[in-house]
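**Q**
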């Protein structure tokens, strides 16, 4: 008896229950064009935009980078500290970009190494200098020949100095250290990005001295940084994909609701805007018109038949919506597999340290 006292009991349906419910749904849909806010809508509004890393490669740069797929944080390798220490012990100024030593107001660059007389006349490049700059740069030139005189363009003085100066450092000053420079490309500021490495990297990795140990430590740490960055980018991509799917679903719900609301307003206005004198509650407007009529009468059946017509208007786009939902399901499954790969699968283990044994490079 106690349970019966607290258990709610639904009123039994009468002849007009579904007619009144359909009438309420029609009027509510017409007046409220937006769907009710749900949990996923809140997530869409609060989600952070986690799009991919900013691309450094740009079409207006002459040394276009070819590795935009690598995360920006680890895209440009750095000169190993052991190599920087060797260069610094030989000549501290050679650790800096050659263009740092351009004398303002002149078009002459002098090598900063003590006792070196090499210089570059940017207004009169030699034939070999011009060919080298042209070889390194692709696309629009950084230097031109005018009246049989080759010269660097004013907007590219720093880049031309870096290209020629680094080649001079390698060929003349750092040759005995067994180093070579690598021009990686240009940054967003158009400055040359470069680094120094062992001229014979494969041989350096299997050396048994301190130089070989330093090379292996640098190579392994660089590999771990790249793998970790790729994992972070994959997780960000997954979050971005989920957010995009939520936005698509939100737009689809709102578009469907707006279409239904407009259909009722344009085609069923007379049915929902009832001209009656007695309105005692939400349902009584319709009830006062159908009271005393049979279940099969037009007045009773008209509201839910109208509601069926409203829903049929949305079915025209049903195939497209089903295809879009199937696409999102496939994309979500692929993204989830990628996320799991980096969170606990093989990708996760690839970011772990393998050690610094020579055997890894034999």
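Residue numbers (the numbering used here): 473 to 834.
Here a beta-carbon is modelled for each residue, glycine too, at the ideal position from N, C-alpha and C.
Everything numeric in this text was worked out from a predicted model, so none of it was measured.
1) Does residue 735 pass the burial test, meaning 16 or more other C-beta atoms within 10 Å, or should it be called exposed?
2) Would you tell me roughly how many angstroms separate the C-alpha atoms of residue 626 and residue 797, rounded to the nearest one?
3) I'd like to know whether the C-beta atoms of residue 636 and residue 664 end up nearer to each other than 8 Å.
4) In its own chain, which residues sit with a C-beta less than 7 Å from the C-beta of residue 584, not counting the 5 before and 5 after it?
5) By the 10 Å Cβ neighbour count, where 16 or more other Cβ atoms means buried, how is residue 555 classified, buried or exposed?
6) For residue 621, does the three-state DSSP call read helix, strand or coil?
7) Would DSSP call residue 740 helix, strand or coil?
8) Excluding the 5 residues flanking residue 828 on each side, which residues of the same chain have their C-beta closer than 8 Å to its C-beta?
9) Out of 546, 630 and 542, point me to the one whose CA is closest to residue 568's CA.
10) Tell me, please, which residues DSSP counts as bridged to residue 591.
11) Have a look at 610, 679 and 597 and flag the residue whose alpha-carbon is nearest the alpha-carbon of residue 831.
12) What residue from 643, 491, 811 and 632 has the CA that sits closest to residue 588's CA?
13) Identify, in the order they occur along the chain, each residue of the same chain with its Cβ nearer than 7 Å to the Cβ of residue 520, setting aside the five sequence neighbours on each side.
14) Count the other CB atoms, across all protein chains shown, that sit within 10 Å of the CB of residue 732; report buried if there are 16 or more and exposed otherwise.
15) Excluding the 5 residues preceding and the 5 following residue 769 in the sequence, name in chain order all residues of the same chain whose CB lies nearer than 8 Å to its CB.
16) Identify which residue in 603, 487, 579 and 489 has its Cα closest to the Cα of residue 594.
17) In the DSSP assignment, find the unbroken beta strand (DSSP E) run with residue 832 in it and report its ends.
18) Roughly how many whole angstroms lie between the Cα atoms of residue 794 and residue 801?
19) Which residues in the same chain have their Cβ closer than 7 Å to the Cβ of residue 785, if we skip the five residues on either side of it in sequence?
**A** Quick answer:
1) Within the chain shown, the letter at position 263 stands for residue 735. Buried.
2) Within the chain shown, residue 626 is the residue found at index 154, counting from 1. Within the chain shown, residue 797 is the residue found at index 325, counting from 1. Those two C-alpha atoms are separated by around 55 Å.
3) The residue labelled residue 636 in the question sits at position 164 within the chain shown. The residue labelled residue 664 in the question sits at position 192 within the chain shown. No.
4) Your numbering for residue 584 matches position 112 in the chain shown. 565 and 573, listed in sequence order.
5) Walking along the chain shown from the start, residue 555 turns up at place 83. A residue is called buried when at least 16 other Cβ atoms come within 10 angstroms of its Cβ; residue 555 meets this threshold and is buried.
6) As a working mapping, residue 621 is identified with position 149 in the chain shown. Three-state result, residue 621: strand.
7) Position 268 of the chain shown, counting from 1, holds the residue named residue 740. Reduced to three states, the DSSP call for residue 740 is coil.
8) On the chain shown, position 356 is the one that residue 828 refers to. Within the same chain, and ignoring the five residues on either side of residue 828 in sequence, the residues whose Cβ sits closer than 8 Å to its Cβ are 685, 688, 689 and 692.
9) Within the chain shown, numbered from 1, the residue matching residue 568 stands at position 96. If we check each option's Cα against that of residue 568, 630 comes out closest.
10) Your numbering for residue 591 matches position 119 in the chain shown. Paired residues: 582.
11) Here residue 831 refers to the residue found at position 359 when the chain shown is read from its first residue. Closest option to residue 831, Cα to Cα, is 679.
12) To locate residue 588, count along the chain shown from 1; it is residue 116. Taking only the C-alpha atoms, the option nearest residue 588 is 643.
13) Residue numbering aside, residue 520 sits at position 48 when the chain shown is read from its first letter. Unreliable placement is indicated for residue 520, whose pLDDT of 41 sits below 50; the coordinate value is still reported in the next sentence. So the list is empty, once near-sequence residues are dropped.
14) Working through the chain shown from its first residue, we reach residue 732 at position 260. By the 16-neighbour rule on beta-carbons within 10 angstroms, residue 732 is buried.
15) Sequence index remark: in the chain shown, residue 769 carries index 297 (1-based). The residues are 762.
16) Start at 1 with the first residue of the chain shown, and residue 594 comes out as number 122. Here the closest residue by C-alpha is 579.
17) On the chain shown, position 360 is the one that residue 832 refers to. Segment: none, residue 832 is in no beta strand (DSSP E) and carries neither H nor E.
18) Within the chain shown, numbered from 1, the residue matching residue 794 stands at position 322. Within the chain shown, numbered from 1, the residue matching residue 801 stands at position 329. Spanning the two alpha carbons is a distance of roughly 11 Å.
19) The residue labelled residue 785 in the question sits at position 313 within the chain shown. Excluding residues up to 5 positions away in sequence, 731, 732 and 735 lie with their Cβ nearer than 7 Å to the Cβ of residue 785 in the same chain.
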